[in-house]
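Here the structure comes first, spelled out in structure tokens, and everything after it is commentary.
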């Protein structure tokens, strides 16, 4: 799902369902490279790097 340019409140994703994949570009202060990796012992995220011409995983 790509919501950029859709009408509605910022961040609204009415079609989002459990199990859908979500991409956060430019995550700002919450980016992995400056976070405390073991904070609250949450599991570490997976990273998937996609190019513009690559199919989604």
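In my numbering, the protein residues as written are 20 to 76.
Ideal Cβ placement from N, Cα and C applies to all residues, glycine included.
Residue i, DSSP secondary structure in three states
{"i": "residue 58", "result": "helix"}
Assumed close pair residue i, residue j - CB separation to whole angstroms, cut-off 8 angstroms
{"i": "residue 55", "j": "residue 63", "result": "No, residue 55 and residue 63 are not in contact; Cβ-Cβ is about 12 angstroms, not under 8 angstroms."}
Nonlocal neighbours in the same chain, by C-beta distance under 6 angstroms from residue i, ignoring five residues either side
{"i": "residue 59", "result": "none"}
Euclidean distance between Cα positions of residue i and residue j
{"i": "residue 51", "j": "residue 71", "result": "22 angstroms"}
{"i": "residue 65", "j": "residue 42", "result": "12 angstroms"}
{"i": "residue 33", "j": "residue 53", "result": "31 angstroms"}
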